[in-house]
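Data block below; observations after.
In the numbering used here, the protein residues as written are 16 to 173.
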């Protein structure tokens, strides 16, 4: 459990751990390694936002993650295009369809808990770098899920 006075340090450590877990899941498949980022405008955006609103940076990164996964799932008919579903139901559907690994589901549980801390802690603060890392962790998982949906449901025949 996070204590508010230690929140920033623990948030950063937990995000770093999640990113390491995601990267270790790719170690067995060199084709799925993420490219090295030389111009990090994505992370820069969240770092700049965190300087003004730490909570806003975390929530915006989460909303972007949910939006990308949900729109891909709708596009490839994993769920009906007209249906609106809450995140827990979406996660269960992805598990049922074998479109998310257990490791990524565990990473998302950790990232969601951190999002909840950001949303509900009146004293929430984080460094801009932690915000960038959080956004990248969500993007890493999103890319894994979108790739799995595309490979299993889309391909060239969609």
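Even glycine gets a Cβ: it sits at the ideal position worked out from N, Cα and C.
Alpha-carbon to alpha-carbon, residue j and residue i
i, j, result
"residue 124", "residue 167", "23 Å"
"residue 38", "residue 138", "31 Å"
"residue 108", "residue 89", "12 Å"
"residue 87", "residue 61", "23 Å"
"residue 127", "residue 58", "19 Å"
"residue 67", "residue 34", "24 Å"
"residue 84", "residue 92", "12 Å"
"residue 103", "residue 117", "15 Å"
"residue 161", "residue 136", "31 Å"
"residue 129", "residue 26", "7 Å"
"residue 17", "residue 28", "Residue placement at residue 17 is flagged as unreliable, the pLDDT there being 47, under the threshold of 50; a coordinate-derived value is accordingly withheld."
Closest Cα partner of residue i within the set the options
i, options, result
"residue 114", "156, 56, 71 and 67", "156"
"residue 65", "153, 152 and 148", "148"
"residue 24", "80, 118, 145 and 75", "145"
"residue 75", "141, 150 and 40", "150"
"residue 81", "154, 163, 169 and 164", "154"
"residue 140", "105, 40, 73 and 122", "73"
"residue 164", "94, 142, 77 and 134", "94"
"residue 106", "121, 56 and 40", "121"
Neighbour-count burial assignment, residue i, 16 or more Cβ in a 10 Å radius
i, result
"residue 30", "buried"
"residue 131", "exposed"
"residue 99", "exposed"
"residue 101", "exposed"
"residue 69", "buried"
"residue 46", "Low local confidence applies: a pLDDT of 46 at residue 46 is under 50, so the model's placement there is unreliable, and no value is given."
"residue 63", "exposed"
"residue 159", "buried"
"residue 133", "buried"
Limits of the unbroken alpha helix (DSSP H) element including residue i
i, result
"residue 107", "102–111"
"residue 79", "69–90"
"residue 151", "143–164"
"residue 126", "117–135"
Any C-beta of chain D under 8 Å from that of residue i
i, result
"residue 93", "Protein chains in the displayed structure number just one, and chain D is not present."
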